[in-house]
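Colleague: Got a structure here, written out as structure tokens. Questions coming.
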DNA sequence: GAATTTCAATACCGATCGGTACAAAATGAG
DNA sequence: CTCATTTTGTACCGATCGGTATTGAAATTC
């Protein structure tokens, strides 16, 4: 019929995700976006709608990737305790590795937008609930296999671990001494060792 | 000498604190501020400097009040475990009580500004470190009095509890079911009961 | 009470905000 | 090719942004 789109939608959405992740919703301008995405304003609006719709699309892309990564980390582990150790130590390692500390895009959004926008309250909550289920199922597998104490409350423990993950991620945005994060990871893992 | 100031500096700074706490730095405009503070722009600039300096003053006021509140909650307790129980249950109660979920001004700032502004990285980190010391000293008193297991690592446990507090506060911004928060509080308190 | 000083209020500044009208360029269908 | 259709690039929109020059009012000193 007519002229073809000159950009790859997934590619420019990824660029939008990166910058929203770095700077948040309010601090990111349309000029920032078009520059980083490499497209013009009318193209952006035609493809994604307004700024908030683009943000939502970027966040959805992030949560999908994030959930999939975490799911992969807890699939088919010989030791659940070991999987959690690798997970939390990786969280710390990653945070101290990059100069800029973006943290978690979903948590950033939970703080910036969830209290003022029900759509993002729901979106961010559902992502955390999904992660909680991943943790819970991992714990249940650990109990079934005999690795973990069968008297553990899998759901409650998963919820507590998710909250610890959130707290650690947010705390590291202020760059405390590395020993702080390491101590916390040790403390978190203790809860699996009872 | 000359004309006197017509507003109380502490009172208008408190108003600025409230609105920055609610909306964050970027989403709060000077019009929002002057409206809520009840003063004109030139008065604001004369008294507090520019927007970021005002934000810093508001945050410093918040951290002082916040630290003082928490210090009071852990001073002269018959039972340390009971003090922590009251503290965390109060945190949850408060979050679900107010319609708008402001969370903690310091944590909001940690997410929004700490990664891009060293001044706020330091300011927010030092506040969390201060709170950690309060927790640590409370735990040490509990050990000394015989209430807590003397094999507990007071510092590491305090750090883990601070991270749990942060995670819980942030998680509640997405308004999970009340049972989620209650389960987490139970899990947190378990760490003191070993 | 006049002079001086500091405040408050209005009005305004250039810059940038999110968003769009419009026309040129590019593609496919006939 | 010609026409229809869609994307692109430019240029622009009103509104609002953070910040300030200016003027008039209020209060103290002499």
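Protein chains in written order, with the numbering used here: chain A, 36 to 229; chain B, 36 to 229.
For each residue, glycine too, the CB sits at the ideal point set by N, CA and C.
Note that the structure is a prediction, hence the values are computed from the model and not measured.
(1) Let me know the secondary structure DSSP gives residue 217 (chain B) once reduced to three states.
(2) Any beta carbon from chain B within less than 9 Å of residue 150 (chain A)'s own beta carbon?
(3) Strictly below 7 Å CB to CB, what residues from chain A border residue 62 (chain B)?
(4) What three-state label does DSSP hand residue 113 (chain B) in the structure shown?
(5) Rounded to a whole number of angstroms, what is the C-alpha to C-alpha distance between residue 41 (chain A) and residue 49 (chain A)?
(6) Please report how far the alpha carbon of residue 57 (chain B) lies from the alpha carbon of residue 137 (chain B), in whole angstroms.
(7) Taking Cβ to Cβ, would you say residue 200 (chain B) is nearer than 9 Å to residue 227 (chain B)?
(8) Measuring only the C-alpha atoms, how far is residue 162 (chain A) from residue 96 (chain A)?
(9) Using a Cβ cut-off of 9 Å (strictly closer), state whether residue 124 (chain B) contacts chain A.
(10) Tell me whether the region 204-224 of chain A and the region 116-128 of chain A touch, counting them as touching only if at least three CB pairs, one residue from each stretch, are closer than 8 Å.
(11) Could you tell me the boundaries of the alpha helix (DSSP H) in which residue 139 (chain B) lies?
(12) Rounded to whole angstroms, how far is the Cβ of residue 102 (chain A) from the Cβ of residue 72 (chain A), which I believe are closer than 8 Å?
(13) Under a three-way DSSP split, which group does residue 76 (chain B) fall into?
(14) Note the first and the last residue of the continuous alpha helix (DSSP H) segment covering residue 98 (chain B).
(15) Roughly how far, in whole angstroms, is the beta-carbon of residue 159 (chain A) from the beta-carbon of residue 209 (chain B), given that I think they are within contact range, below 8 Å?
(16) Beta carbon of residue 147 (chain B), beta carbon of residue 62 (chain A): below 9 Å?
(17) Is residue 209 (chain A) close to chain B, meaning its C-beta is less than 9 Å from at least one C-beta of that chain?
(18) Using only the alpha-carbon positions, how far apart do residue 151 (chain B) and residue 168 (chain B) sit?
(19) Can you check the region 145-209 of chain A for any alpha helix (DSSP H) of at least 4 residues that lies completely inside it and give the ranges in chain order?
(20) By Cβ distance below 7 Å, which residues in the same chain neighbour residue 98 (chain B) in space, the five residues on each side in sequence not counted?
(21) I'd like to know whether the C-beta of residue 215 (chain B) is nearer than 9 Å to at least one C-beta of chain A.
(22) Check this for me: beta carbons of residue 171 (chain A) and residue 192 (chain A), under 9 Å apart or not?
(23) Which of helix, strand or coil does DSSP assign to residue 241 (chain B)?
(24) On a CA-only basis, which of A:173, A:86, A:106, A:132 is nearest residue 114 (chain A)? Give me that one, please.
(25) Please list the partners that residue 52 (chain B) has in chain A, where partner means a Cβ-to-Cβ separation under 9 Å.
(26) For a contact defined as C-beta to C-beta under 8 Å, what are the partners of residue 142 (chain A) on chain B?
(27) How many angstroms separate the CA atom of residue 81 (chain B) from the CA atom of residue 157 (chain B)?
(28) So is residue 207 (chain B) buried or exposed if we call it buried at 16+ other beta carbons inside 10 Å?
Modeller: According to the structure shown:
(1) It is helical.
(2) Taking Cβ atoms only, chain B reaches closer than 9 Å to residue 150 (chain A), which makes this a yes.
(3) Those within 7 Å of residue 62 (chain B) in chain A are 61.
(4) DSSP places residue 113 (chain B) in coil when its eight states are reduced to three.
(5) Looking at the two C-alpha atoms, the distance is approximately 16 Å.
(6) Going by the C-alpha atoms only, they are around 5 Å apart.
(7) Cβ distance not < 9 Å, so residue 200 (chain B) and residue 227 (chain B) don't count as in contact.
(8) Between residue 162 (chain A) and residue 96 (chain A), the C-alpha separation is close to 12 Å.
(9) Cβ-Cβ to chain A under 9 Å: no for residue 124 (chain B).
(10) Touching, yes, given that three or more Cβ pairs across the two stretches are closer than 8 Å.
(11) That residue, residue 139 (chain B), is in no alpha helix (DSSP H); it is neither H nor E in DSSP.
(12) 24 Å between Cβ atoms; not a contact.
(13) DSSP places residue 76 (chain B) in helix when its eight states are reduced to three.
(14) Secondary structure note for residue 98 (chain B): its alpha helix (DSSP H) is the uninterrupted segment 86-108.
(15) Between residue 159 (chain A) and residue 209 (chain B), the beta carbon gap of about 5 Å places them in contact (Cβ cut-off 8 Å).
(16) In this structure, residue 62 (chain A) lies closer than 9 Å to residue 147 (chain B) by Cβ.
(17) Yes, its Cβ sits closer than 9 Å to a Cβ of chain B.
(18) The straight-line gap from Cα to Cα measures roughly 26 Å.
(19) The region 145-209 of chain A contains, as complete alpha helix (DSSP H) runs of 4+ residues, the segments 153-179, 189-206 (chain order).
(20) Only 141, 162 meet the Cβ criterion.
(21) Look at residue 215 (chain B): its C-beta is under 9 Å from a C-beta on chain A.
(22) Cβ distance < 9 Å, so residue 171 (chain A) and residue 192 (chain A) count as in contact.
(23) The question about residue 241 (chain B) has no answer, for chain B in this structure spans 36 to 229.
(24) In terms of Cα proximity to residue 114 (chain A), the closest of A:173, A:86, A:106, A:132 is A:173.
(25) What residue 52 (chain B) touches in chain A: nothing, since even the nearest Cβ is about 16 Å away.
(26) Within 8 Å Cβ-Cβ: 146, 205.
(27) C-alpha separation (whole angstroms): 26 Å.
(28) In the assembly as shown, residue 207 (chain B) is a buried residue. Its beta-carbon has 16 or more other beta-carbons within 10 Å.
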